[in-house]
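**Q** Once you've had a glance at the structure underneath, I'll fire off some questions.
Protein chains: 2
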Amino acid sequence: MIDGGVTAASGYVANALSCGIKKPEATRLDLALIYSELPTTSAGTFTTNRVRAACVRVSESHLRRGNIRAIIANSGNANACTGAAGVAVARKECAVVAKHLGLKAAEVAVCSTGVIGLPMPMMRIEPRLPELCADLSADKGHNVASAIITSDTREKEVAVELTIKGKKVRIGSCCKGAGMISPCMATMICLICTDVAVAREDLDALVHEGVEKSFNSITIDGDMSTNDTCLVMANGAAGVSVAPGDADWEKFAAALKFVMLEQAKHIVQDGERVTKFVTVRVVGAPTHAEAKRVAEGVAKSNLVKSSWNGGDPNWGRIIHAVGYSGRRVREEKVDIDIAGLPACRGGAQTTTKSDDLRERVQAREFEILINLNMGAEEHTVYTTDLSPEYVDFNRSEYAYWNQAKQDGLTH
Amino acid sequence: MIDGGVTAASGYVANALSCGIKKPEATRLDLALIYSELPTTSAGTFTTNRVRAACVRVSESHLRRGNIRAIIANSGNANACTGAAGVAVARKECAVVAKHLGLKAAEVAVCSTGVIGLPMPMMRIEPRLPELCADLSADKGHNVASAIITSDTREKEVAVELTIKGKKVRIGSCCKGAGMISPCMATMICLICTDVAVAREDLDALVHEGVEKSFNSITIDGDMSTNDTCLVMANGAAGVSVAPGDADWEKFAAALKFVMLEQAKHIVQDGERVTKFVTVRVVGAPTHAEAKRVAEGVAKSNLVKSSWNGGDPNWGRIIHAVGYSGRRVREEKVDIDIAGLPACRGGAQTTTKSDDLRERVQAREFEILINLNMGAEEHTVYTTDLSPEYVDFNRSEYAYWNQAKQDGLTH
């Protein structure tokens with residue numbers, strides 16, 4: 011791991027501006043651009059929500075037509091549920107950026123994150139696009155990380171350096187997400203750039219595999235976003251290429267997956283108003299699907315999450331969620347360990363002292379290990395507690411509506 | 011509707027005591043018994059959770075073997091995840107009650123509700139059983155309603171009187187439930203007694219039908235209990251019987267379903283620390299399953315529920331939950347009305363003033379109407395907001411563990 015973010019690899023430049031989308035006072039960065047100076051191979055995954063933001067539709071269609079070289083991203087408005095006008099705005103953003111950079115419109119992807127259902131304030135974005143495209147530089151990666159966050163409390167950057175065929179190569183990334191986070195999709199926005207050259211189909215397979223065990227294995231609140239996007243560009247600027255079968259392929263694959271998993275954990279650790287980072291590991295399942303169902307069921311249970319918030323090692327609530335989420339669970343076979351101590355064996359209590367269990371779950375991070383004792387499959391989900399403060403934080407988005415009214419975008 | 015509870019119909023007597031299961035100070039009623047003076051036909055539905063309380067297993071087996079005439083119920087301990095010892099306790103409760111009442115053990119059902127995973131404090135229950143069985147009377151129905159509640163803030167009783175074939179008959183009921191409430195099962199505990207005579211198979215069909223549109227159509231926190239039980243006894247004490255095809259069958263069926271739906275709504279209205287009662291009605295679905303998936307998805311979304319708590323008419327969050335819960339939803343067809351006002355048409359905002367929408371959702375009760383515009387099927391779910399106070403209320407069950415330690419029941 012090295013310092014640096016999405017422009018850590020060679021041949022990538024970026025810029026970010028404050029346009030007043032996120033806050034009308036225009037003090038926070040909210041519009042960003044990443045550009046690869048060389049052609050790339052690209053891959054991406056998008057939300058499986060049936061309601062898909064305009065930017066997701068446009069980016070997916072551009073990626074289907076070929077590789078991308080630039081990504082424009084904004085926070086404060088999700089451009090979701092904005093009808094045909096929203097798609098027109100997303101297309102226009104790509105077209106204008108492409109014109110300034112000498113690209114085709116389809117070589118630009120667009121990401122938006124923020125409030126759902128309000129029209130994009132294009133009057134705040136369009137006049138700033140020339141400036142955004144003009145002042146690109148390799149040292150502005152951190153500004154991109156700042157510009158894409160919303161309720162996140164900190165920028166999320168991960169970069170690694172490794173040696174491939176004797177050459178130093180890098181993978182850089184930035185990421186956002188803190189609420190509306192749930193598995194079964196490629197969650198949130200994650201942008202990854204590497205200077206290795208990789209064939210498009212190899213990159214694509216790798217990204218899908220990596221997403222499954224990282225962004226698709228986390229949940230904060232069980233709510234799947236309309237805008238989830240993970241985009242990866244590989245531009246070969248390091249002067250080396252990798253392909254499956256190469257001696258260093260596994261090394262590169264592991265590094266890319268490491269970046270994804272680290273970013274996924276960053277999202278969970280920065281969950282809205284959370285106080286715990288909990289690993290829910292289900293083993294001994296008859297199928298991987300059953301392991302996943304049970305792990306997600308426990309990780310999404312409001313009663314289980316509330317008890318973690320209270321530092322209560324409540325294995326009774328954990329097994330109740332195991333029981334309603336699994337299809338083939340047999341109660342009398344279920345073992346549960348909490349933070350390394352046996353709490354439940356064969357569906358009933360152990361002799362572990364409740365005070366000992368309680369002490370362990372006062373920690374900020376701990377693991378819940380559930381053994382169904384019915385097979386050899388397993389699945390791990392990373393999650394959080396549920397706090398009174400989370401609910402309070404999510405009670406109202408009035409401020410966005412009031413701003414949109416002033417902008418003449420709603421009624 | 012008439013005043014009265016589970017003993018409102020003729021031929022039913024009851025009793026309730028304070029044994030110190032719910033609170034060691036033994037000031038709250040926590041053990042109850044209902045007895046039919048005449049033979050009955052009986053029906054019931056139980057949780058579909060794969061983790062099933064000992065009392066659920068015993069009651070279901072007794073009901074399978076024949077009709078029941080007595081129900082013993084306690085609050086404070088769920089007798090769930092208590093292993094073979096828990097089943098032995100549930101069987102013993104039935105056997106002792108049966109002996110005192112001159113019944114077979116299989117004619118007694120047992121219900122428990124409370125904390126999961128702690129052994130039943132039989133030393134507190136067993137010595138009180140003779141007294142419980144001795145002092146039965148028809149005017150103690152309300153005490154049963156008090157004895158079965160846990161986090162509920164009030165007793166839940168519904169009784170109706172109607173005329174069947176010229177004779178006055180009654181249906182009485184009591185019910186408990188305020189947390190760990192979610193559809194896809196027969197939720198919580200509901201005990202219903204009628205003095206009509208009904209053939210067992212007709213009663214059974216009616217109960218399953220009624221449960222589907224009442225207790226299986228509510229959610230508070232998305233958490234399905236291990237102990238959900240709905241039991242119905244019909245003893246014919248009113249001197250009249252009904253059967254499908256009779257002129258008054260539909261009248262009786264409607265009355266029984268009314269009692270169930272009222273009790274289901276009582277549970278939602280008394281949800282733990284809730285401030286809103288929200289009806290989520292999905293229409294225009296291609297199948298009933300799709301309507302149900304979407305209605306439940308919206309009703310279970312923490313972000314949607316948090317916005318209701320804040321009085322925020324956030325249709326963007328509603329459609330995001332529609333999108334991830336439906337399988338065949340088409341965003342551009344979705345219409346959403348909030349409390350009677352059009353909020354979304356064709357997947358995008360309407361010209362309804364946001365202040366008008368906001369004013370409507372300040373009410374304690376309102377309806378969310380979602381039209382998928384893809385067919386003629388519909389489903390309605392009754393639900394609540396999610397409050398910071400709900401999370402706070404559910405942070406810890408330490409008190410129960412501490413009590414069980416004093417009783418020598420845990421470590």
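So the protein sequences, as listed, match chains A and B.
Its first residue numbered 11, the first sequence is counted upward by one per residue in this note's numbering.
Its first residue numbered 11, the second sequence is counted upward by one per residue in this note's numbering.
Glycine included, C-beta positions come from ideal geometry on N, C-alpha and C.
#1: Using a cut-off of 7 Å between C-beta atoms, extract the partners of E327 of chain B located in chain A.
#2: Within this structure, are the beta carbons of R5 of chain A and G350 of chain A separated by less than 8 Å?
#3: Closest to R337 of chain B by CA distance: which of B:T163, B:L313, B:T285, B:P296 is it?
#4: Go ahead and pull the three-state DSSP assignment for S446 of chain A.
#5: Counting only beta-carbon separations shorter than 8 Å, does R374 of chain B have a partner in chain A?
#6: In chain order, which beta strand (DSSP E) runs of at least 3 residues are fully inside the region 11–73 of chain B?
#7: If we cut at 8 Å on Cβ distances, does C240 of chain A have a partner in chain B?
#8: Along chain A, in chain order, which residues have C-beta atoms closer than 7 Å to that of V401 of chain B?
#9: Could you give the C-beta distance for T394 of chain A and K286 of chain A, rounded to a whole number, given that I count them as a contact under 8 Å?
#10: Which residues, taken in chain order from the region 294–310 of chain B, show a beta carbon closer than 8 Å to some beta carbon of chain A?
#11: I need the straight-line Cα distance from N324 of chain A to A409 of chain A, nearest angstrom please.
#12: Among all the DSSP beta bridges, which residues are the ones paired with S183 of chain B?
#13: In the structure shown, what three-state DSSP assignment does Q273 of chain B receive?
#14: Here's the rule: buried if 16 or more other CB atoms are within 10 angstroms of the residue's CB, otherwise exposed. What is S364 of chain A?
#15: Does the region 23–40 of chain A come close enough to the region 148–164 of chain A that 3 or more CB-CB pairs lie under 8 Å?
#16: Apart from the five residues on each side of it in sequence, which residues of its chain come closer than 8 Å, Cβ to Cβ, to I422 of chain A?
#17: Look at the Cβ atom of S406 of chain B, then the Cβ atom of D322 of chain A, and state whether they are nearer than 8 Å.
#18: So, does the CB of N383 of chain A fall closer than 8 Å to a CB anywhere in chain B?
#19: Please classify Q273 of chain B as buried or exposed, where buried requires at least 16 other C-beta atoms within 10 Å of its C-beta.
#20: Quick one: is D322 of chain A near chain B, going by C-beta distance under 8 Å?
#21: Are the Cβ atoms of L146 of chain A and L43 of chain A separated by less than 8 Å?
#22: Could you give the uninterrupted runs of the alpha helix (DSSP H) lying entirely in the region 312–372 of chain B, keeping only those of 4 residues or more?
#23: So C65 of chain A packs on A100 of chain A, CB below 8 Å; how close in whole Å?
#24: Check whether the region 374–385 of chain B touches the region 107–127 of chain A, taking contact to mean three or more Cβ pairs, one atom from each stretch, closer than 8 Å.
#25: Considering only C-alpha positions, which residue in the set B:V344, B:K302, B:L419, B:S311 is nearest to C91 of chain A?
#26: Does any CB atom of chain B fall closer than 8 Å to the CB of E341 of chain A?
#27: Out of B:W259, B:E300, B:E141, point me to the one whose CA is closest to N381 of chain B's CA.
#28: If I'm right that Y400 of chain B touches R291 of chain B with Cβ under 8 Å, what's the distance once you round it to whole angstroms?
#29: I'd like the list of long-range same chain contacts for M195 of chain A, defined as Cβ closer than 6 Å, with 5 residues on each side in sequence excluded.
#30: In chain B, which residues lie less than 9 Å from A407 of chain A when you measure between Cβ atoms?
#31: Report the three-state DSSP secondary structure of I283 of chain A (helix, strand or coil).
#32: At the 8 Å Cβ level, is S71 of chain B part of the contact set with chain A, yes or no?
#33: The beta strand (DSSP E) that contains A119 of chain B, what's its start and end?
**A** Reading off the structure:
#1: Stepping through the second sequence from its first residue, residue 327 of chain B is reached at position 317. Here the sequence assigns Arg to residue 327 of chain B, which means Glu is not the residue at that position. Within chain A, I126 have C-beta atoms less than 7 Å from the C-beta of R327 of chain B, given in sequence order.
#2: Chain A is shown from 11 up to 421; residue 5 of chain A falls before or after that span and cannot be answered.
#3: Against the second sequence, residue 337 of chain B aligns to sequence position 327. Taking only the C-alpha atoms, the option nearest R337 of chain B is B:P296.
#4: Lying before the first or after the last residue shown, residue 446 of chain A is absent from chain A, which here runs from 11 to 421.
#5: As a working mapping, residue 374 of chain B is identified with position 364 in the second sequence. R374 of chain B does not count as touching chain A.
#6: Those beta strand (DSSP E) runs which fall completely within the region 11–73 of chain B and span 3+ residues are 22–27, 41–46, 51–56.
#7: Residue numbering aside, residue 240 of chain A sits at position 230 when the first sequence is read from its first letter. No, C240 of chain A does not count as interfacial toward chain B.
#8: Here the question's residue 401 of chain B lines up with position 391 in the second sequence. Ordered by position in chain A, the residues that pass the 7 Å Cβ test against V401 of chain B are S316, N319, L396, S397, P398, V401.
#9: Locating residue 394 of chain A in the first sequence gives position 384, counting from the first residue. Locating residue 286 of chain A in the first sequence gives position 276, counting from the first residue. Between K286 of chain A and T394 of chain A the Cβ distance is about 6 Å, and since that is below 8 Å, they are a contact.
#10: Of all residues in the region 294–310 of chain B, K310 have a Cβ within less than 8 Å of some Cβ in chain A.
#11: Locating residue 324 of chain A in the first sequence gives position 314, counting from the first residue. Locating residue 409 of chain A in the first sequence gives position 399, counting from the first residue. Cα atoms of N324 of chain A and A409 of chain A: separation of roughly 38 Å, rounded to the nearest angstrom.
#12: Taking the second sequence and counting its residues from 1, one reaches residue 183 of chain B at position 173. Answer by DSSP bridge pairing, in chain order: B:V168, B:I202.
#13: As a first step, residue 273 of chain B must be located in the second sequence, where it is residue number 263. Here Q273 of chain B sits in helix by DSSP.
#14: The residue given as residue 364 of chain A occupies position 354 in the first sequence. The residue is buried, with at least 16 neighbouring Cβ atoms inside 10 Å.
#15: Output reads yes: the region 23–40 of chain A touches the region 148–164 of chain A.
#16: The structure shown has nothing for residue 422 of chain A, since chain A only spans 11 to 421.
#17: Along the second sequence, one-based indexing puts residue 406 of chain B at 396. Along the first sequence, one-based indexing puts residue 322 of chain A at 312. In this structure, S406 of chain B lies near D322 of chain A, with their beta-carbon atoms less than 8 Å apart.
#18: As a first step, residue 383 of chain A must be located in the first sequence, where it is residue number 373. So, not an interface residue.
#19: Numbered from its first residue, the second sequence carries residue 273 of chain B at position 263. Counting other Cβ atoms within 10 Å of its Cβ, Q273 of chain B reaches 16 or more and is therefore classed as buried.
#20: In the first sequence, the residue the question calls residue 322 of chain A occupies position 312. It does; some Cβ of chain B falls within 8 Å.
#21: Indexing the first sequence from 1 puts residue 146 of chain A at position 136. Indexing the first sequence from 1 puts residue 43 of chain A at position 33. Cβ distance < 8 Å, so L146 of chain A and L43 of chain A count as in contact.
#22: For secondary structure counted as the alpha helix (DSSP H) over 4 or more consecutive residues, the region 312–372 of chain B holds these complete runs in sequence order: 312–319, 325–335, 364–370.
#23: By one-based count along the first sequence, residue 65 of chain A stands at place 55. By one-based count along the first sequence, residue 100 of chain A stands at place 90. Contact holds; Cβ gap of about 5 Å.
#24: Short answer: they don't touch.
#25: Mapped onto the first sequence, residue 91 of chain A falls at position 81. When each option's Cα is compared against that of C91 of chain A, the closest is B:V344.
#26: Here residue 341 of chain A refers to the residue found at position 331 of the first sequence. True, the Cβ-Cβ gap to chain B drops below 8 Å.
#27: In the second sequence, counting from the first residue as 1, residue 381 of chain B sits at position 371. That would be B:E300, whose Cα lies nearest to the Cα of N381 of chain B.
#28: On the second sequence, residue 400 of chain B is found 390 positions in, with the first residue counted as 1. On the second sequence, residue 291 of chain B is found 281 positions in, with the first residue counted as 1. R291 of chain B and Y400 of chain B do not touch by the CB rule: their CB atoms are close to 24 Å apart, not below 8 Å.
#29: Start at 1 with the first residue of the first sequence, and residue 195 of chain A comes out as number 185. Any answer about M195 of chain A is weak, because its pLDDT of 38 lies below 50 and its placement is not dependable; what the coordinates show is given next. T57, T58, M234, D238.
#30: For this step, residue 407 of chain A is matched to residue 397 along the first sequence. Correcting the residue identity first, residue 407 of chain A is Glu in this sequence and not Ala. Correct list: S317, G320, D322, N324, G326, R327.
#31: Here the question's residue 283 of chain A lines up with position 273 in the first sequence. Looking at the sequence shown, residue 283 of chain A is not Ile but Arg. Three-state DSSP puts R283 of chain A in coil, outside helix and strand.
#32: Position 61 of the second sequence holds residue 71 of chain B. The beta carbon of S71 of chain B sits no closer than 8 Å to any beta carbon of chain A.
#33: Residue mapping note: residue 119 of chain B aligns to position 109 of the second sequence, counting from 1. From DSSP, the beta strand (DSSP E) with A119 of chain B extends over 118–125.
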